[in-house]
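Novice: Let me give you the structure first, and then I'll get to my questions.
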Amino acid sequence: MNQITRRTFLKTGAAAAAALKLGERALMADPLGLPVGLQLYSVRKLLPNDYLGTLKQVAAIGYREVEAAGFYNHSAEEVKAAMSTAGLHCVSAHYPMGELQKDVDGILKYAKAVGLSYVICSSPSVADPSKLASYPGGAGKYFRDGMTADDWRWNCDQFNEIGKKYKAEGIQFGYHNHTTEFHDLGGGLNGFEVLLKDTNPAYVTLEMDCGWVSAAGKDPIAFLKKYPGRFSMLHIKDLKPVTPGSQPSERHSTVLGKGTVDYKPIFAAAKTAGVKHYFVEQEEFDGDALDELKQDYQYLHAMRV
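In structure tokens form, the structure reads like this:
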């Protein structure tokens, strides 16, 4: 009986050790050893009808961190409870500059109540919004083609002020790019370079959308290597091939690994760049959204860098 007990003990111990090692390998399978996150804009059509249920489905796929793009009229307490129930950590939230300007203090209070670590500006504004209406093609066209170096410098000034206020309250402020930041301002200058130069790294971090950087004809790897420490978060978005005659901002997203963006070398560069979080963002779907988001998760979860 003693021999049988000892053999059983050894077998059980070996099985437990193997399971532990398997769990460690599973965690390390995620790029950078960080959990795979999801930008909830990806499920914007599902959240309004079933907020908690959608969050639970996101968690069931395997995502553990999320970034919000709107809270659908839920109180901070409701959001915090829903995230906890679903088993998700809401790390960050996006707000356009126009919305931030209207209620900087209110957004800060809400962010603290939810338990966010970051508040990210998702699009710029201008000092004089009235000029947007008079611009040929309207505000959208101005933000795509009309932004000047002075417009970007003005945004940098606002970001530095907001970032200083938020940091004092324990929230990191930052900015997320699209393609307008890479529009040529003359002399080889673009808005992204202005942002990197004129924002104070102590108060403003950058969240690089690798898909939109690639769509603009730039290299995410080059930015990660040139500016280590400036990018604390990444958006992971794959893109379908270019449609002839289309604008960079008109590229269409697709399932990771089925498009034109190679993420393995991007994550390799991110290893020493100070990246702390990354979020899948798929904006369009050819099939069922949750099924394709599952494919996105599995693609990253299996990636070895």
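In the working numbering, the protein residues as written are 23 to 327. Note that the Cβ used here is the ideal one computed from N, Cα and C, for glycine as well. What you are looking at is a predicted structure, and each value in this text was computed from that prediction instead of being measured.
Provide the residue(s) that pair with V88 in DSSP beta bridges, ordered along the chain.
Specialist: Its beta-bridge partners are L60, C112.
Novice: Taking 8 Å as the threshold (C-beta atoms), are A295 and P250 in contact?
Specialist: Yes, the pair counts as a contact, with Cβ atoms nearer than the cut-off.
Novice: Roughly how many angstroms separate the alpha carbons of D313 and F165, rounded to a whole number?
Specialist: When rounded, the distance between both Cα atoms is 34 Å.
Novice: Of the residues K187, A238, D125, which one's Cα is nearest the Cα of D206?
Specialist: Closest by alpha carbon: A238.
Novice: Rounded to whole angstroms, what's the CA-CA distance from Q304 to I258? Just pull it up for me.
Specialist: Cα to Cα, the separation comes out at about 8 Å.
Novice: Provide the residue span of the alpha helix (DSSP H) that contains V235, from first to last.
Specialist: That run of the alpha helix (DSSP H) goes 232-237.
Novice: Between Q61 and A91, how many whole angstroms is the CB-CB distance? I'm expecting something under 8 Å.
Specialist: Indeed, because the Cβ distance is near 7 Å, the residues count as touching under 8 Å.
Novice: Verify whether the separation of the beta carbon atoms of M325 and K286 is less than 8 Å.
Specialist: Going by C-beta atoms, M325 is nearer than 8 Å to K286.
Novice: Report yes if the CB atom of E89 is closer than 8 Å to the CB atom of A115, and no otherwise.
Specialist: Contact: yes.
Novice: Do you know how far the Cα of S156 is from the Cα of T202?
Specialist: T202 and S156: Cα-Cα distance of roughly 19 Å.
Novice: Using a Cβ-Cβ cutoff of less than 7 Å, which residues in the same chain neighbour K247 once the five nearest sequence positions on both sides are dropped?
Specialist: Counting only Cβ-Cβ distances below 7 Å, and skipping sequence neighbours, we find A291.
Novice: What's the call for Y94, buried or exposed, on a 16-neighbour Cβ count within 10 Å?
Specialist: The residue is exposed, with fewer than 16 neighbouring Cβ atoms inside 10 Å.
Novice: Leaving out the 5 sequence neighbours to the left and right, which residues in its chain are closer than 8 Å to L211 when beta-carbon positions are compared?
Specialist: Here the set comprises A171.
Novice: Locate the beta strand (DSSP E) running through Q194, then write down its first and last residues.
Specialist: Segment 194-198, the beta strand (DSSP E) holding Q194.
Novice: So, with DSSP's three-state summary, where would you put F307?
Specialist: Correct three-state label for F307: coil.
Novice: Give the list of continuous alpha helix (DSSP H) stretches no shorter than 4 residues that lie fully inside the region 247-314.
Specialist: Counting only runs of 4 or more, we get 285-292.
Novice: Determine the burial state of S103: buried for a count of at least 16 other Cβ atoms within 10 Å of its Cβ, exposed for fewer.
Specialist: Per the sequence shown, residue 103 should be read as Ala rather than Ser. The residue in question, A103, is exposed, as its Cβ has fewer than 16 Cβ neighbours within 10 Å.
Novice: Less than 8 Å separating the beta-carbons of Y197 and L228?
Specialist: Yes, the Cβ-Cβ distance between Y197 and L228 is below 8 Å.
Novice: Can you grab the Cα-Cα spacing for the pair D127 / A133, in whole Å?
Specialist: About 10 Å.
Novice: Please list, in chain order, all residues of the same chain as Y225 whose beta carbon is under 7 Å from its beta carbon, the five residues on each side excluded.
Specialist: Contacts found: N182, G185, K186, K189, F195.
Novice: Quick one: is G309 buried, meaning 16 or more other Cβ sit within 10 Å of its Cβ, or exposed?
Specialist: Exposed is the call here.
Novice: In this structure, does DSSP put Y117 in helix, strand or coil?
Specialist: Reduced to three states, the DSSP call for Y117 is strand.
Novice: Buried or exposed: where does G7 fall if 16 or more other Cβ atoms within 10 Å of its Cβ makes it buried?
Specialist: Because the chain in this structure spans residues 23 to 327, residue 7 falls outside the shown range and cannot be described.
Novice: Name the DSSP beta bridge partners of N212, please?
Specialist: Beta-bridge pairing links N212 to D206.
Novice: My understanding is that S144 touches P118, with C-beta atoms under 8 Å, so please give their C-beta distance in whole angstroms.
Specialist: Their Cβ separation, rounded to whole angstroms, is 5 Å, which keeps S144 and P118 in contact under 8 Å.
Novice: Mark A149 as exposed unless 16 or more other C-beta atoms lie within 10 angstroms of its C-beta, in which case mark it buried.
Specialist: Result: exposed.
Novice: Keeping to the same chain, check which residues put their C-beta closer than 6 Å to that of G281; ignore five residues upstream and five downstream.
Specialist: Counting only Cβ-Cβ distances below 6 Å, and skipping sequence neighbours, we find D260, L261, K262.
Novice: My assumption, with CB atoms under 8 Å, is that L256 sits in contact with I193. Please give the rounded CB distance.
Specialist: Going by Cβ atoms, the distance from L256 to I193 rounds to 19 Å, so no, they are not a contact pair.
Novice: Judging by CA-CA distance, which residue of M105, G55, A98 is the nearest neighbour of Q79?
Specialist: Considering only alpha carbons, the answer is M105.
Novice: Taking only the alpha-carbon atoms, compute the straight-line gap between D125 and L154 and give it to the nearest angstrom.
Specialist: Spanning the two alpha carbons is a distance of roughly 21 Å.
Novice: Can you tell me the Cα-Cα spacing of A108 and D52, whole angstroms?
Specialist: Their Cα atoms are separated by approximately 21 Å.
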